[in-house]
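Below: one structure, written as structure tokens.
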Amino acid sequence: AQTVTQSQPEMSVQEAETVTLSCTYDTSESDYYLFWYKQPPSRQMILVIRQEAYKQQNATENRFSVNFQKAAKSFSLKISDSQLGDAAMYFCAYRRSPEQGGGADGLTFGKGTHLIIQP
Amino acid sequence: NAGVTQTPKFRILKIGQSMTLQCTQDMNHNYMYWYRQDPGMGLKLIYYSVGAGITDKGEVPNGYNVSRSTTEDFPLRLELAAPSQTSVYFCASSRIQTEQFFGPGTRLTVL
Numbered sequence: 001a002q003t004v005t006q007s008q009p010e011m012s013v014q015e016a017e018t019v020t021l022s023c024t025y026d027t028s029e030s031d032y033y034l035f036w037y038k039q040p041p042s043r044q045m046i047l048v049i050r051q052e053a054y055k056q057q058n059a060t061e062n063r064f065s066v067n068f069q070k071a072a073k074s075f076s077l078k079i080s081d082s083q084l085g086d087a088a089m090y091f092c093a094y095r096r097s098p099e100q101g102g103g104a105d106g107l108t109f110g111k112g113t114h115l116i117i118q119p
Numbered sequence: 120n121a122g123v124t125q126t127p128k129f130r131i132l133k134i135g136q137s138m139t140l141q142c143t144q145d146m147n148h149n150y151m152y153w154y155r156q157d158p159g160m161g162l163k164l165i166y167y168s169v170g171a172g173i174t175d176k177g178e179v180p181n182g183y184n185v186s187r188s189t190t191e192d193f194p195l196r197l198e199l200a201a202p203s204q205t206s207v208y209f210c211a212s213s214r215i216q217t218e219q220f221f222g223p224g225t226r227l228t229v230l
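Residue numbers (this note's numbering), protein chains in the order written: chain H, 1 to 119; chain Z, 120 to 230.
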């Protein structure tokens, strides 16, 4: 079974600075997807960024980027120029690719990292 | 385009009562999912469906039932509610190769 580990229960960063959230995962599959979801106090799960394992290039979305290290099974999220609106729980998640039989798979989530932005 | 909608937003049940959590999506997605989120934890998969009439168990299915009579709707039924089912419940949907889109969640308390 796949597992996702987020080793930082809580992180704090000053507004406008950069913060990196860590995520490691365990899988025997060669092709899969990784995601970062943001959950603000409203509870809504919001997709931040997605990475396909077969792509070597790290995904970026504006101020959000990932460092995907496939051999190390590591998938960290970097938030640049942190803003007060970035304060939330951040969840790392995994699913197999459809080509590996994971077309209908649910997501496997880590326990989350609570990100605090200091003004 | 409302995305994924869930009702109710909040509910308090007494032990042994039953209820149905409603989920509807208007994106014509084949795949739908129910998750629960316990305090301080990530989401765990309860049930999922790959299309109308087809459902399957996830990681934590005990105490729940689902049905999928249409592409749009995927209700979750709780029979004989127990305190261990106190949680936040999320419904999600996706196409085969895309990310999952989540509803706003239902906070359920069983007393």
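Note that beta-carbon positions come from the ideal geometry of N, C-alpha and C, so glycine has one too. What you are looking at is a predicted structure, and each value in this text was computed from that prediction instead of being measured.
Rounded to whole angstroms, how far is the Cβ of residue i from the Cβ of residue j, which I believe are closer than 8 Å?
i	j	result
Leu34(H)	Phe64(H)	Contact flag wrong, Cβ pair sits at about 13 Å.
Ala16(H)	Asp86(H)	Ala16(H) to Asp86(H), Cβ: 11 Å. No contact.
Thr113(H)	Leu21(H)	5 Å
Lys111(H)	Met160(Z)	6 Å
Ala200(Z)	Val229(Z)	5 Å
Cys23(H)	Gln6(H)	5 Å
Could you check which residue in the options has the C-alpha nearest to that of residue i?
i	options	result
Val207(Z)	Tyr90(H), Thr20(H), Ser42(H) and Val19(H)	Ser42(H)
Cys142(Z)	Ile134(Z), Thr174(Z) and Glu191(Z)	Glu191(Z)
Arg95(H)	Lys38(H), Asp105(H) and Tyr54(H)	Asp105(H)
Glu61(H)	Ile49(H), Tyr54(H), Trp36(H) and Ala71(H)	Ile49(H)
Tyr25(H)	Leu84(H), Asn58(H), Ala93(H) and Gln39(H)	Ala93(H)
Asn181(Z)	Phe220(Z), Val229(Z), Glu198(Z) and Met151(Z)	Glu198(Z)
Ser188(Z)	Phe220(Z), Pro223(Z) and Met151(Z)	Met151(Z)
Thr126(Z)	Ile165(Z), Phe209(Z) and Asn120(Z)	Phe209(Z)
Asn58(H)	Lys78(H), Leu47(H), Gln44(H) and Pro40(H)	Lys78(H)
Phe221(Z)	Met45(H), Gln2(H) and Asp31(H)	Met45(H)
Ile116(H)	Met11(H), Gln2(H), Tyr32(H) and Leu47(H)	Met11(H)
On the three-state DSSP scale, how would you describe residue i?
i	result
Asp86(H)	helix
Glu99(H)	helix
Gln2(H)	coil
Gln118(H)	strand
Gln99(Z)	Lying outside 120 to 230, the shown extent of chain Z, residue 99(Z) is not represented and no answer is given.
Arg169(Z)	The sequence given here has Val at residue 169(Z), not Arg. Here Val169(Z) sits in strand by DSSP.
Met160(Z)	coil
Glu191(Z)	coil
Asp175(Z)	strand
Met146(Z)	coil
Leu230(Z)	coil
Leu197(Z)	strand
Ser7(H)	coil
Ala211(Z)	strand
Ala104(H)	coil
List the endpoints of the continuous beta strand (DSSP E) containing residue i.
i	result
Ser203(Z)	Ser203(Z) -> no beta strand (DSSP E), and no H or E assigned at all.
Thr217(Z)	Here Thr217(Z) belongs to no beta strand (DSSP E), and DSSP marks it neither H nor E.
Gln125(Z)	Val123 to Thr126
Ile131(Z)	Phe129 to Leu132
Asn184(Z)	Tyr183 to Val185
When you measure from the CB of residue i to every non-hydrogen atom of the ligand HEM, does any distance come out below 6 Å?
i	result
Asp157(Z)	In the structure on display, the ligand HEM does not appear, and there are no ligands present to speak of.
Residue ranges of each beta strand (DSSP E) within the segment 14-84 of chain H, 3 or longer: 19-21, 24-26, 32-39, 46-52, 64-69 and 74-79
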